[in-house]
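Report on the structure given below.
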Amino acid sequence: MQGIRKLIASAAALLCVPALAIAQDAPIKIGVVSFLSGPAAGPFGVPARNAAEIMFEMINAGKVPAPYATKGLGGAKMQMSLVDESGGTTTQVTEFRNLVQRDNVDLVIGYISSGSCLGIAPVAEELKKLTVFFDCGTPRIFEERDYKYVFRTASTATMDSVGAALYVKDLKPNAKMIAGVNQNYAWGQDSWGDFELAMQQIIPGIKVATSQMPKLFAGQYNAEISTLLSSKADVIHSSFWDGDLEAFILQAGPRGLFKRSTVILTTGETAMYKLAAKIPDGVVIGARGPYGPYAPDNELNKWFSATFEDRYGVPPNYAAYQMAQAILGTKAAWEKAQAANGGKRPSQDQVIAAFENLTFVSPAGEVKMTNGKGHQAITGTAYGVTKKVGGKMTIDKIKRYPAEKVNPPDGVKAADWIKSGFKK
Amino acid sequence: MTSDRTPRILGAILVVLLAAGPFVPQWAIFLITIALAKGLVVLGLLILLRCGLVSFGQALYYCIGAYTAGMLGRLFEVDGVLTLMLAGMVVAAVTAYVLGFLLARYRGIFFGLLSLAVSMILYGLLVKSETLGSSDGFNVLPSTLFGIRPADEWVRYAVLVVASVVAFVAALLVHRYLKTPLGSLAPAIKDNEIRVEYMGASARYAIHVNYVIAAALAGLGGGLAATTVGHIDPEMAYWTTSGEFIFITILAGTGSVIAPFLGALIFGIIQTVAFDISPNTWQMVLGGALLAVIVFLPTGLWSLFRRRRAT
Amino acid sequence: MQELVAVVIDGIIYSAWLFIAAVGLTLIYGVMKIINVTHGSFYALGAYAAASITGALLAHGMPPMLSYAVLLGSALLVAIVVGPLIERGILRFMYVKDEVVILLITYALFLILEDVIKLIWGVDPYYISEPYGLLGSFDVADLTYPTYNLILVGVAIVCGAGLAWTLTKTRTGKLLVAVIHDTEVSRAMGINVDRFYVVTFTFGSLLAAIGGAFTAPTVSVVPGLGVEVIVLSFAVVVIGGLGSLPGAALGAVIVGLVRSATIHYLPQAELFVIYFVMAMVLAFRPRGLFSIAEARKI
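These protein sequence lines map, in sequence, to chains A, B and C.
First residue of the first sequence: 1, per this note's numbering; consecutive thereafter.
First residue of the second sequence: 1001, per this note's numbering; consecutive thereafter.
First residue of the third sequence: 2001, per this note's numbering; consecutive thereafter.
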């Protein structure tokens, strides 16, 4: 029966029969894609899925604080179709098409891997389906072409590297030598590339002692740690994440690397609570934006972190924040479109029109969809250093950087912007 | 083994695909097209498997085909789908011709592992190539057929038509090839290579030829996959991709040139169903299905059809 | 000079780790002619069991020094429970099949075990870093190394020497060599080949589990831990010669030293240096450095 319905629906879509007027309170089907298996599941995928579950449930029940207190999306209930992000790009494109054309979802929220995002974006455009990326970092998506149906509600990875470089200047203005240890794939290469460029702009003449690029998921870093120790760099930059990050901390700690150099972990926030005992004071921790310990002290954040911790026993990490941010951004756009539509359920085009250049609030504060012709969010960011207070991990010396200072202006490529000395 | 009815069955499948295409939902068309692309690679593995050789690195040629197609579009703005696929095929075949001088000397597990090593080196090189998007890969230009880009709702069908015709021709040619003296040497090589040499045939030459054909088919499949998916990345050369192809080869069985395509389609369906019904434990479903096929259908899914025909 | 010393020390530590992780693979292939993909699963199971059991016991006030014994015990537990289960329950029915089909069966089992691990332990990481820091550290060439690394080297030597001694000096070992050379004749001579198979598989799995258990203190135990080990151990074992114990040792040392030198002098090439070495060795020694002669059957 289900199959026949799907077949008829697909056939109808195929023959371009205009969809029948949808009832005002029919549920809104949302595809949610996140890593549920593999190494990215633990630090990102599952916390993000957990955040999605909480947000769906609470929004449907109307329990989210203002300005999101209305039930559902403009009164209509949200319904989740969950998909694992594993299996490579071909699998992900297949599953995206299944979500859109077989399961007829109204929109898709998801994607952690930059590879997935780059692969999915043109398909979303081809299928004309509103798709909101919540986490992936590569600036290439909106640099390489314009999209109508694709949005991203988190800042690009450029912000993380530029923010890290600014923080180095604030923390150690006399730094002479930097070194890096990053995973040898796009994320690690881009993170280091941007950081190195930005450092040269911010502290002219700074030297690079060594740039280590171990294979992704290598797990054993003794040799890399030896070269970093020998390099005697003032600052060591790492965009390691997950098991690699944790293994690096566990192996570098006893060898005194954190004492010899100031280490910046741009995604360190995902590990800071679990590994609190192993991270010494003075390590620079990033959260890819104003999330987790850097989130502002407002009602929405208090509610979100308390609800999340209550349900799952741990505070939400930045992936969870980003997922909540994507869902709330969608809700804001949907309801703005509905209001403009005289309170009637908006069409997809109306939602897109409302989403473009939208400014909304999330538990991480203000999000501005100003880049990528109104499709790419910019947010501020913050860095700080670890400091244990009574055995509890806290962040000290927090410095905040406003969105415009760490993100390129609209239409300027990240690398060009950094090379130009951050011209406005 | 293969009956003379194979060309007619192939033709019938082609006609059914072309005729039914417009009425099949778009997501299913995509699933079928991907299955055809993977089926082409598996068809090549079938030829090698008949010689008793299993390549754990066939993804090398799949990836070469895909990157050739992608680069032609990126550098020279070539977008003709047939040109892209043929270019992928040629580059893969030439690479295989060169590597074949080395690899045709190897048998058994060593053949498999050396091919694995070579494909992993390509993977490493691509991940290091930041201008090619490193591990994120890059988008492939929307392709055209004889200079025409069909309307959006017909693109999928057009790609399916191209894929079906190409797969049909490839399957037919391979079917013919297997009956030539050189092609029919394969089972003899598998059974006992020394006897083949006694008869005056060169096993190494036969393997070299088969290896190049297999690579050409993988390159063709890679080119097709690139234009279908619209995005390529180095993971296409990773060992898990090769593993998937071998998985499908065993799933399908070597009974007929139709089996690889059927196997690829069923693999695609199992995977997408597993994703759908248990997003958290789809690997278990996939592993269980493979185990079940090996245990209950020792000669692959194709044995289902053969058994039915016998009764 | 100082850097060279670091290269050698880093190389030896990595070699020891590689050897422990890979030696079980060569044992199982040598005896049973199975390329065992579940090797990765046993490595992961060993790591998970070690991390969770040691962690739980430490939380209940176990003296920390006992944790090394618990690491070993956890690996034993995994191997003795899961090893025979897989060999007797599934693999033994498959020995008539092609080498490649058996490989795929182990691949299918690997996929299933990946999800079983996820169902038991979830996706959150496990840590058991106490044993890593417990023994303090030593300084060489202006660099600090935790003493635990010496334990890894010790475990590698004990595993390798113990295995070599069993194979060459004991009655069991000699019978095993007979089984390796010709299963059918051995069976006819009254050797209980089935028992040898189940013991070999369990022992090979135990080595993988030990690898995982003793790696656990240095890493965070996460899903996908086993995947990376599979291809790496294949490479090591193939370089040395499949089925050869000295080969596995030499393969581990070569890969370990080459990788370490690459990281120190040419970090950009680390990504594919192992596969490069593997391709080079196979190109000139098609069956690896220590190949085992096989009877040619006409």
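A virtual CB, placed ideally from N, CA and C, is assigned to each residue, including glycine.
Asked, Found
"Bridge-paired residues (DSSP) for Ala76(A)", "Leu73(A)"
"C-alpha distance - Ala1077(B) paired with Ala1225(B), whole-angstrom precision", "A quick correction: the sequence has Glu, not Ala, at residue 1077(B). Straight-line Cα distance between these residues: approximately 18 Å."
"Candidates Ala2069(C), Tyr2095(C), Ile2009(C) and Tyr2068(C): closest to Ile1294(B) by CA position", "Tyr2095(C)"
"Opposing strand residues paired with Asp2139(C) [DSSP bridges]", "Thr2144(C)"
"Integer Cβ distance of Gly180(A) from Gln212(A), believed to fall under 8 Å", "7 Å"
"8 Å Cβ cutoff, Asp84(A) in contact with chain B", "yes"
"Environment of Lys129(A) [buried if 16+ CB atoms lie within 10 Å]", "buried"
"Partner residues on chain B for Pro2286(C), Cβ-Cβ distance less than 7 Å", "Arg1105, Tyr1106 and Phe1110"
"Contact residues within the stretch 23-43 of chain A, judged by C-beta distance below 8 Å to chain B", "Leu36 and Ser37"
"Closer than 8 Å to chain C by CB, Phe217(A)", "yes"
"Local Cβ density within 10 Å of Lys1128(B), reported as buried at 16 or more and exposed below that", "buried"
"Short CB-CB distance (under 8 Å) between Glu2184(C) and chain B", "no"
"Segment contact flag, the stretch 275-295 of chain A with the stretch 2141-2152 of chain C, C-beta cutoff 8 Å, min 3 pairs", "no"
"DSSP three-state assignment for His2264(C), whether helix, strand or coil", "helix"
"CA nearest to the CA of Asn2149(C), picked from Tyr2265(C), Gly2136(C), Thr2038(C) and Gly2160(C)", "Gly2136(C)"
"Residue-chain proximity (Thr2218(C), chain A), Cβ-Cβ < 8 Å", "yes"
"Cα-Cα separation, Gly374(A) to Asn1139(B)", "22 Å"
"contact_flag[the stretch 1014-1033 of chain B, the stretch 1246-1257 of chain B] where n(CB pairs < 8 Å) is 3 or more", "no"
"Straight-line Cα distance separating Leu2225(C) from Pro1279(B)", "20 Å"
"Rounded C-alpha distance that separates Leu228(A) from Ile1232(B)", "34 Å"
"Buried versus exposed call for Leu1075(B) [16 or more other C-beta atoms within 10 Å across all chains shown]", "exposed"
"Test: Pro1025(B) CB closer than 8 Å to a CB of chain A", "yes"
"Cβ-based burial, Gln2268(C) [other Cβ within 10 Å; buried from 16]", "exposed"
"For Asp281(A), three-class secondary structure by DSSP", "coil"
"Gly1300(B) versus Thr1272(B), Asp1276(B), Gln1283(B) and Ile1266(B), residue with shortest Cα-Cα distance", "Ile1266(B)"
"Neighbourhood of Ala12(A) by C-beta distance below 6 Å, restricted to the same chain and skipping five residues each side", "Its pLDDT being 43, under 50, Ala12(A) is placed unreliably by the model, and nothing is read from it."
"Contacts of Gln1283(B) in chain A (Cβ-Cβ under 7 Å)", "Ser37"
"Any C-beta of chain C under 8 Å from that of Asp242(A)", "yes"
"Within chain C, partners of Met213(A) - CB distance below 8 Å", "Pro2267, Gln2268, Glu2270 and Leu2271"
"Residue nearest to Gly1223(B) in terms of C-alpha spacing, selected from Pro1007(B), Ala1066(B), Ile1207(B) and Lys1038(B)", "Ala1066(B)"
"Residue-level contact to chain C via CB, Val1118(B), 8 Å cutoff", "yes"
"Outcome for Ala21(A) when other beta-carbon atoms lying within 10 angstroms are tallied against a minimum of 16", "Bear in mind that a pLDDT of 48 at Ala21(A), under 50, signals an unreliable position, so the model cannot answer this."
"The alpha helix (DSSP H) enclosing Met2280(C), as first and last residue numbers", "Glu2270 to Phe2284"
"Spatially closest choice to Ser1134(B) from Ala186(A), Leu171(A), Gln101(A) and Ser161(A), by CA coordinates", "Ala186(A)"
"Nearest neighbour of Ile30(A), chosen from Met58(A), Gly119(A) and Val83(A) [CA to CA]", "Val83(A)"
"Close-in-space but distant-in-sequence residues of the same chain around Ile2180(C) (CB under 7 Å, 5 per side omitted)", "Gly2030 and Val2031"
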